[in-house]
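Peer 1:
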Amino acid sequence: TFNPTISINLSSADLLIDELVPGSVKDSNVITVGVSTNNGFGYTLSANVGNDSAYDTRSLIRSDDNNEFTSIDVGSALESLTADNSWGFSSKLSGNSTEWASYSGLPLYSDTNNTATLIDTSSSAGSSPVDFKIAARASSVIPSGTYRNVINFFNNRICTLSCIWIFVSTSS
Numbered sequence: 001t002f003n004p005t006i007s008i009n010l011s012s013a014d015l016l017i018d019e020l021v022p023g024s025v026k027d028s029n030v031i032t033v034g035v036s037t038n039n040g041f042g043y044t045l046s047a048n049v050g051n052d053s054a055y056d057t058r059s060l061i062r063s064d065d066n067n068e069f070t071s072i073d074v075g076s077a078l079e080s081l082t083a084d085n086s087w088g089f090s091s092k093l094s095g096n097s098t099e100w101a102s103y104s105g106l107p108l109y110s111d112t113n114n115t116a117t118l119i120d121t122s123s124s125a126g127s128s129p130v131d132f133k134i135a136a137r138a139s140s141v142i143p144s145g146t147y148r149n150v151i152n153f154f155n156n157r158i159c160t161l162s163c164i165w166i167f168v169s170t171s172s
């Protein structure tokens, strides 16, 4: 009996935007999401945001008050973030392109009918790493602090899940 396997490996345990200055936009570090499988039908790598404990939201939240960075809409295709206190993600195939995809929002983890597909390989085993980053835009009045959430990477064909923490640190 053939048992297809898949693994998801992350090059870092977190995405970080450090010292985001009010009134500006800044990208995070880039992580590589590596996926490998022996499944001849390939795989679909997707992502969503949040969890069922402290982060039941698409926003990046600060734990000590109600300030947040609101996610841009799922399916958006923005070249740059234009709304204050917003965030989104971008991805590209590692090594294959220097052009990043437009920024978009991630669906909430509990929205099972809505996923953000990063790559879909439908006909071969192997691996295709994906580079992934976020960006945030701060208003001139958002309080300094650390805003957090969690991103989940998963495969739609064989259930595998890896999580990464998001941290946005603002300065005054």
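Going by the numbering used here, the residue at position 78 of the sequence shown is 78; the numbering climbs one at a time, nothing skipped. We treat Cβ as the ideally placed atom computed from N, Cα and C, and that holds for glycine.
1. Under 8 Å Cβ to Cβ from ILE14, same chain only, skipping five residues before and after it: list those, please.
2. What are the start and end residues of each continuous beta strand (DSSP E) run of 3 or more residues lying completely inside the stretch 70 to 123, in chain order?
3. If you compare alpha carbons, which of PHE153, ILE134 and THR121 is closest to TYR43?
4. Would you check if the stretch 32 to 46 and the stretch 59 to 66 touch, i.e. whether three or more CB-CB distances between them fall below 8 Å?
5. Do you know how far the Cα of ILE6 is from the Cα of PHE154?
6. Are the beta-carbon atoms of SER80 and VAL25 separated by less than 9 Å?
7. For SER7, which beta-bridge partners are listed by DSSP?
8. Measure how close the beta-carbons of LEU106 and ALA47 come, nearest whole angstrom, since I'm counting them as under 8 Å.
9. With distances taken from CA atoms, which of ASN85, VAL74, LEU16 and LEU78 is nearest LYS133?
10. With DSSP as the reference, label ASP18 as helix, strand or coil.
11. Going by C-alpha distance, which of LEU10, VAL74 and SER53 is nearest TRP87?
Peer 2: Let me lay it out:
1. Note that residue 14 corresponds to Asp in the displayed sequence, not to Ile. So the list reads ILE164, TRP165, ILE166 and PHE167, once near-sequence residues are dropped.
2. 86 to 93 and 116 to 121
3. THR121
4. no
5. 10 Å
6. yes
7. SER36
8. 6 Å
9. LEU16
10. strand
11. VAL74
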